[in-house]
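Residue numbers (the working numbering), protein chains in the order written: chain A, 1 to 207; chain B, 1 to 207; chain C, 1 to 207; chain D, 1 to 207. Backbone N, C-alpha and C define an ideal beta-carbon position, used for all residues, glycine too.
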DNA sequence: GATGAATGAGGGTTCATTCAT
DNA sequence: TATGAATGAACCCTCATTCAT
């Protein structure tokens, strides 16, 4: 018994991470994980109560950091009055930076958390991020609207769309790329497109 | 109570559509569909040969229309020389228009086809659309590049990202909205943002 | 309602015969039969109580004729004392003739009865025929044995083998040939081989 | 009560062998096998990938030996010119000896392989054997024919019949007897009858 | 007399999970 | 601590049979 408990646990996590990344939560197989970890399925249950539990333990740290960062940003948003466009962009960039930092630290976990958690308790994380970005967007639109603070349903839907597509796009970039620098570059470019586009759009509307 | 065959078939389709929309092809359960349609599972097989067949019968029309439209657009792209930026946008708008028209006719089906068809024979549809858009993007980038026709790996990755995120975003809009006019508006806005953004970006790079 | 009941019944029988011939009792499908008969499965059950019943009604006549002929032959065997070899052969030829006559009248039914009735109540028919032929063989062997009437286990097993293989071979010929004359020829040839062979064998043993 | 893996596997094989012997491949039920082996169906799949796999693992050794022996015999046949009748008989006896040896080692398996493999990948084995014997028979008939090498359709059908009935008869003997010595005796007797019979038949035809 | 929709029990198979060892 | 055999519920699917119409 020279294998310490922690070492075993780590090997399970490593195997599970790979399996979840490849097949997502729902289609991941406990047997595969056990095999890859060099043990039998039953033993996993000495370390984790269930598939959900194992999944949770892997993603919990990333999830918490993400939640915390989102909480901070949310507070800043709620606390700031008379925000300007570039401030909004700065919020976006904060989110962006958070995601990229998390990605650099835990690329696989973040990828799984955002893109492969269907069927688990984390399935809503992406939606939460969207909601946050949406809040920013509503402010942006609110500032630029003819009647500040009063958004038409169309404008609300538009803001929601922008929030969703930005988040979805960032998730996609995380999903389809492995290299951290490449991801940073692509996300930057994405935000650049959105921002300049949004700026142009707004300018055109008011002239 | 003798129910007419068509009525039963329709009730199966309704139930199946709902089940597929909620769980996707892979996780949809024939038992659930049967229950929702008010019958036993075996009876479904009087109307449809298999789960795949049921899935196919629901999506086939939308799939064919989409494929046909994509084929036409592809031919136009391949056939046109010395394309200009606005032409590229017109291609995008054609794709956009196709999707929106299909969505007006069969919103749920298109949604399932693009977002929930994993595990079925239609699993590649979204990827095909991305590939098509990517082809357009490569032309756009190629035209604007300093050395026309020669794209750096970064530029290629960027084009690929734009293609993917545009398609993903359109899918998302289709997924999260029910009203056809709203969808049209949001997709227009999305493309507007992307195009003006891309234009700005390119202009800035060359000055 | 211009289709008389009998006509419908006959069309069911025709379809059933074909299906049973092709797939045997066990794998025959009531749906297929109904379809081939131009009706729905349920209707068959107005004419026949079950698959077994339908099967039985098709084979009953042939079965009865066969049973009757076998009974007659059995009586002759039991009634004749001090039978000679050629008489035994005549019994074999009677069986042979019976089968061939039945085949000429009802080739498909006999084929099904003997070769494709597994799973039905007729599954034992071939065995019954074997038992009859075996009885003849036991007499043949008994007559030729050194101690008439007393057969060693080996001789009993041998007789049993000959009975089985003859019947099995005849069934095989029925199974693999369609033409009545060809069948007669082949069965004759088979019996000729067996009889001459048996005769030789016996002669050699006693010299 | 932890049972050793091999013991369980063996109990599955035992149960499966009995089930396949009783119902054949197609109608054998995995649930029945599981019950007979004292477990639930799912557990069988820890030991065998599928019904086909289980079937194959039971029959593979016998199948391979049979195939190898048939290959050898076929080569000898193809390689020998101007064969005589007694040589043909020697080929038959080789086949005979092979089957009997295999039967001594694996009676049930051989029985299943030859008689109960419909629906599996082994379904053609008996037919292959018949084809091989037929090849021998065609040579026999060819040698004895008035115009050597030219067989009338009747003669061809006759040869085919002899080949089929011999193989069918040997299978039957294997099927209905358990004792190896008894089987050997019966098959010898069968071939003896056939050969002497064939010889007589030919002699009579030419005088 | 005929329909055909519907059932229910069974088919092979998968897999997260449990537990005696 | 670790095993891995075993379970049980679920999966998709088939088919003889029934019965309201």
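| Item | Value |
| --- | --- |
| Environment of residue 178 of chain D [buried if 16+ CB atoms lie within 10 Å] | exposed |
| Chain-ordered chain B contacts of residue 223 of chain A [CB-CB under 9 Å] | Outside the shown range of chain A, which is 1 to 207, sits residue 223 of chain A, and nothing can be said about it. |
| Three-way DSSP call (helix, strand, coil) for residue 177 of chain B in this model | coil |
| Interface flag, residue 51 of chain B vs chain A, CB-CB below 8 Å | no |
| Coil, strand or helix - residue 86 of chain C by DSSP | In this prediction, residue 86 of chain C has a pLDDT of 49, which is less than 50 and means its spatial position is unreliable; what the coordinates show is noted afterwards. Residue 86 of chain C: helix per DSSP, three-state reduction. |
| Distance, residue 30 of chain B Cα to residue 86 of chain B Cα | Residue confidence is low: residue 86 of chain B scores 49 on pLDDT, short of 50, so the model does not pin down where it sits. No coordinate-derived value is stated. |
| Cutoff 7 Å; reference residue 123 of chain D; Cβ partners in own chain excluding five residues on either side | 117 |
| Beta carbon proximity, residue 165 of chain A to chain B, threshold 8 Å | yes |
| Where residue 17 of chain A falls: helix, strand or coil (DSSP) | helix |
| Cβ neighbours of residue 188 of chain B in the same chain (closer than 8 Å, five flanking residues each side left out) | 96 |
| Segment contact flag, the stretch 119 to 139 of chain A with the stretch 48 to 56 of chain A, C-beta cutoff 8 Å, min 3 pairs | yes |
| Beta-carbon separation (whole angstroms), residue 138 of chain C vs residue 151 of chain C, contact threshold 8 Å | 7 Å |
| 8 Å Cβ cutoff, residue 20 of chain A in contact with chain B | no |
| Residue 67 of chain D: first and last residue of the uninterrupted alpha helix (DSSP H) it sits in | 51 to 79 |
| Continuous alpha helix (DSSP H) stretch holding residue 110 of chain B: start and end | 107 to 115 |
| Chain C contacts made by the stretch 166 to 183 of chain D, where a contact means CB separation under 8 Å | 168, 169, 172, 173, 176, 177, 182 |
| Proximal chain D residues relative to residue 123 of chain C, where beta-carbon distance stays under 8 Å | Going along chain D, no residue has its Cβ under 8 Å from residue 123 of chain C, so there is no contact; the nearest lies around 12 Å. |
| Contact set for residue 51 of chain C: own chain, Cβ-Cβ below 8 Å, skip 5 residues either direction | 25, 28, 30 |
| Limits of the alpha helix (DSSP H) - the one that residue 46 of chain B falls within | 41 to 47 |
| Whether residue 168 of chain D touches residue 168 of chain C by CB criterion (8 Å) | yes |
| Selected residue, minimal CA-CA separation from residue 45 of chain C, among C/12, C/20, C/171 | C/12 |
| Closer than 9 Å at the beta carbon, the chain A residues around residue 45 of chain B | Those do not exist, as residue 45 of chain B stays about 25 Å from chain A at its closest Cβ, beyond 9 Å. |
| Buried or exposed by the 16-neighbour rule on C-beta atoms within 10 Å, applied to residue 196 of chain C | buried |
| Bounding residues of the alpha helix (DSSP H) (the contiguous stretch that carries residue 37 of chain C) | Neither: residue 37 of chain C is in no alpha helix (DSSP H) and is coded neither H nor E. |
| Beta carbon of residue 113 of chain A nearer than 8 Å to that of residue 125 of chain A | yes |
| Residue 41 of chain C versus residue 89 of chain B: straight-line alpha-carbon distance, rounded | 59 Å |
| Residue 36 of chain D beta carbon less than 8 Å from that of residue 15 of chain D | yes |
| Of the listed residues D/10, D/49, D/61, D/48, nearest to residue 38 of chain D (C-alpha basis) | D/10 |
| Any C-beta of chain D under 8 Å from that of residue 194 of chain C | yes |
| Within-8 Å CB hit, residue 185 of chain A to chain B | yes |
| For residue 160 of chain C, the three-state DSSP class (helix, strand or coil) | helix |
| CA-to-CA distance, residue 174 of chain B to residue 103 of chain B, given in whole angstroms | 7 Å |
| Through-space distance from residue 105 of chain D to residue 76 of chain C, alpha-carbon basis | 44 Å |
| Beta carbon proximity, residue 27 of chain D to chain C, threshold 8 Å | yes |
| Residue 190 of chain A beta carbon less than 8 Å from that of residue 161 of chain B | yes |
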